[in-house]
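Engineer: When we follow the working numbering, the leftmost residue of the sequence shown carries the number 56, and every step to the right adds one.
Beta carbons are placed, not taken as given, at the ideal position from N, Cα and C, and that holds for glycine.
The structure's right below; bear with me while I get my questions together.
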Amino acid sequence: MNVRPAPFDHPDAVKLNDQVQAEYHVRYGDGGDATHLDPAMFVPPAGLYLIAYDEQDRPVATGGWRTQDESEEGYLDGDAELKRMYVIEELRGRGLARRILAALEEDARAAGRTRMVLETGSKQPEAVALYTSSGYEPCAKFGYYRFHELSMCFAKPL
């Protein structure tokens, strides 16, 4: 696998984002994640977006982080928020998400962020298992879905 930085609006990123949004719709029936994301949010050093490619240079996984600081949505100063972690179904369970997660944590730490946070949902047990096995612990809810009953928020000191 070749994991490399890419703009959030790169055609391969858009393709994989459409796939993850379709999966969210299947799991939650709500049309996908409505959180506003702008490509500028993932431009270093304020964030980073990664795409993993297989041996045929096919995009197969994504993940990104964006800077967050204290706000009425419950973020804290120094937060880096994970967004759009996704691996295509046929390549799940091979450690690719864990590899992207580690790279994002390292980059956020190098950018001076002090805590990585993420929001997922109770209908994504695979995601919950990845994060809890990677040292993430439940935290106070934040972000767009902070009042949604299926929302689950996690944090890890960097």
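I'd like to check one pair, P94 with A166: are the Cβ atoms closer than 9 Å?
Structural biologist: Contact flag unset, no.
Engineer: Compute the Euclidean distance between the alpha carbons of G129 and G86, then round it to the nearest angstrom.
Structural biologist: The alpha-carbon atoms of G129 and G86 are separated by roughly 24 Å.
Engineer: Suppose you measure from the CA of V75 to the CA of Y108; what does that come to, to the nearest Å?
Structural biologist: Those two C-alpha atoms are separated by around 16 Å.
Engineer: With DSSP collapsed to three states, give me the class of S188.
Structural biologist: In the structure shown, S188 sits in a helix (DSSP, three-state: H, G or I).
Engineer: Going along the chain, which residues of its own chain have a beta-carbon closer than 6 Å to the beta-carbon of V172, five neighbours each way excluded?
Structural biologist: For V172, where only same-chain residues beyond five positions count, the Cβ hits under 6 Å are D134, E136, A210.
Engineer: Straight-line CA distance for G84 to R154?
Structural biologist: Their backbone Cα atoms lie some 29 Å apart in a straight line.
Engineer: Quick check on R154: does DSSP put it in helix, strand or coil?
Structural biologist: Note: R154 maps to helix in three-state DSSP.
Engineer: Out of curiosity, what's the CA-to-CA distance linking M140 and E174?
Structural biologist: Roughly 11 Å separates the two Cα atoms.
Engineer: How would you write the range of the alpha helix (DSSP H) that A210 sits in, first residue to last?
Structural biologist: No alpha helix (DSSP H) holds A210; the beta strand (DSSP E) holding it covers 206-212.
Engineer: Using CA coordinates, which residue listed in F97, Y79, A77, N57 is at the minimum distance from D64?
Structural biologist: Ranking the options by Cα distance to D64, first place goes to F97.
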